[in-house]
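S.K.: Pasting in a structure now, in structure tokens, and then I'll have a few things to ask.
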Amino acid sequence: MIEKLKQNEELWDLFTKKEEYNLTFSDQYDRFPYYLSSQRDVFDPKVSRFLVENGLHPEYPDGKKFAVCLTHDIDVVYPEELYPIVGTAKAFAKGNLTDAMKAPFSRINKKCNPCWNFKEIMELEAKYNAKSSFNFLALHPGEKDFNYKIEDLEAELHFISDHGWEVGLHGGHESYKSFEDIMEKKRRLEKVLGKQVIGYRNHYLRFKVPDTWELLSKAGFKYDTTFGYADCAGFRNGVCHPFRPFNRNTGKQIDIIEIPLIIMDRTLLRDYMRLDVKKAWELIKRLVDKVEQYNGVVTILWHNNTSIDGQHLKYYEKFLEYVSGKKAWIASGEEVFNWWTTNVEKRC
Ligand SMILES: [Zn+2]
Numbered sequence: 009m010i011e012k013l014k015q016n017e018e019l020w021d022l023f024t025k026k027e028e029y030n031l032t033f034s035d036q037y038d039r040f041p042y043y044l045s046s047q048r049d050v051f052d053p054k055v056s057r058f059l060v061e062n063g064l065h066p067e068y069p070d071g072k073k074f075a076v077c078l079t080h081d082i083d084v085v086y087p088e089e090l091y092p093i094v095g096t097a098k099a100f101a102k103g104n105l106t107d108a109m110k111a112p113f114s115r116i117n118k119k120c121n122p123c124w125n126f127k128e129i130m131e132l133e134a135k136y137n138a139k140s141s142f143n144f145l146a147l148h149p150g151e152k153d154f155n156y157k158i159e160d161l162e163a164e165l166h167f168i169s170d171h172g173w174e175v176g177l178h179g180g181h182e183s184y185k186s187f188e189d190i191m192e193k194k195r196r197l198e199k200v201l202g203k204q205v206i207g208y209r210n211h212y213l214r215f216k217v218p219d220t221w222e223l224l225s226k227a228g229f230k231y232d233t234t235f236g237y238a239d240c241a242g243f244r245n246g247v248c249h250p251f252r253p254f255n256r257n258t259g260k261q262i263d264i265i266e267i268p269l270i271i272m273d274r275t276l277l278r279d280y281m282r283l284d285v286k287k288a289w290e291l292i293k294r295l296v297d298k299v300e301q302y303n304g305v306v307t308i309l310w311h312n313n314t315s316i317d318g319q320h321l322k323y324y325e326k327f328l329e330y331v332s333g334k335k336a337w338i339a340s341g342e343e344v345f346n347w348w349t350t351n352v353e354k355r356c
């Protein structure tokens, strides 16, 4: 099937993201944004349409027509507004970040902390017979956006993993271009978790085509879910299925599965597209319906600290209700990876 795609130059260039090689411009985080893309119909998965018309017919468990891949990036566990606790400010002033972190760790009542909601998210997903992936940062004090030490979340990671949900790595700001950084963070997370980590997403969706895929593959990751635009929802390379990326520099397929990111909560709202809640919901439904049409996988990123109209999980539940009503197979990244590689890819 990949050979057939190669013969269609326009779709091949889109699939491999030719325009992201040898970049002249990128945004402040060194990302390739949608506003610089020559591809204007990002809501149309035209590569997937071609694949389906040429023999790709994915099937999912229990005869489900399409899949939804649920993911959460855990950037924040201790909300910033709870920081000014006696002792914390002093420790910060002394430059002792580790001590500064310890104060809120011991003093915040977890029940009153809206970001300490892993269990609540899991219970909500279980209602819909679904599991998800929680991607954790493994930053050191002093690294940009440091908010928690992964070693302090050992019990939480085990709780998540023991119940069948997935723990993945959320790479730091520089990880997407550093093998050493990815490896160091992967090892730290695996040490706390006590098992291998196979899923990855970079913080801020920072990603370099095709280098980040190569680094992740070399580091032993089995799949990635970073590949989507931060500034616009949709299909970054026209694909709404898991796929093996192709490196135009080496002329070879990369040994990793990309489960492309289609919808990130923050893309829709205040940070990028600036849609109101009603319009954002219309777009979500439109993208889900498109993916259903081509038997694809809708990957959604919902942050644990996202709050809309003062509500933490109301809109996330609305999404679960919608896709569950459409009889989607709702799964974690690991489950999608396993299903795709054992049941779909082998038959193509
Ligand atoms: Zn992040």
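Numbered as in this note's numbering, the sequence shown ends at 356 without a single skipped number.
Even for Gly, the Cβ is constructed at its ideal location relative to N, Cα and C.
1. Compare the beta carbon distance of P66 and N303 with 8 angstroms and say whether it is the shorter of the two.
2. Ordered along the chain, which non-local residues of its own chain (more than five positions away) have a Cβ less than 6 angstroms from that of V306?
3. Along the beta strand (DSSP E) that carries T307, what are the first and last residues, could you check?
4. Quick check on the DSSP output: the beta strand (DSSP E) that includes G333 runs from which residue to which?
5. With a threshold of 7 angstroms on Cβ separation, who are the neighbours of A336 within its own chain once the five nearest residues in sequence on each side are excluded?
6. For N143, report the span of its beta strand (DSSP E) as first-last.
7. Keeping to the same chain, check which residues put their C-beta closer than 6 angstroms to that of N16; ignore five residues upstream and five downstream.
8. If you draw a straight line from the alpha carbon of H166 to that of L201, how long is it in whole angstroms?
9. At what residues does the beta strand (DSSP E) containing L269 begin and finish?
10. Going by DSSP in three states, K203 sits in which element: helix, strand or coil?
11. Helix, strand or coil: how does DSSP classify K260 here?
12. I'd like to confirm the pairing. Which residues does DSSP put opposite W20 in its beta bridges?
13. D189 by DSSP, collapsed to three states: which one?
14. Using the rule of at least 16 other Cβ atoms within 10 Å of the residue's Cβ for burial, across every protein chain shown, is D81 buried or exposed?
M.R.: Once the coordinates are examined:
1. Yes.
2. Annotation for V306: V76, I270, V296 and V299 place their beta carbon closer than 6 angstroms to its own, counting only its chain and skipping 5 residues before and after.
3. Membership of T307 in the beta strand (DSSP E) is indicated by the continuous run V305 to L309.
4. Not the beta strand (DSSP E): G333 falls in the alpha helix (DSSP H), residues K322 to G333.
5. K72, F74, A75 and V76, listed in sequence order.
6. First-last of the beta strand (DSSP E) with N143: S141 to F144.
7. Excluding its 5 nearest sequence neighbours in each direction, N16 has no C-beta neighbour in its own chain below 6 angstroms.
8. In this structure, the alpha-carbon of H166 lies about 6 angstroms from that of L201.
9. Taken as a continuous stretch (DSSP letters only), the beta strand (DSSP E) holding L269 covers L269 to M272.
10. Judged by DSSP in its simplified three-state form, K203 adopts coil rather than helix or strand.
11. DSSP, reduced to helix, strand and coil, places K260 within a strand of the structure shown.
12. The partner list for W20 (beta bridge, DSSP) is empty, contrary to what the question assumes.
13. Note: D189 maps to helix in three-state DSSP.
14. Classification for D81: buried.
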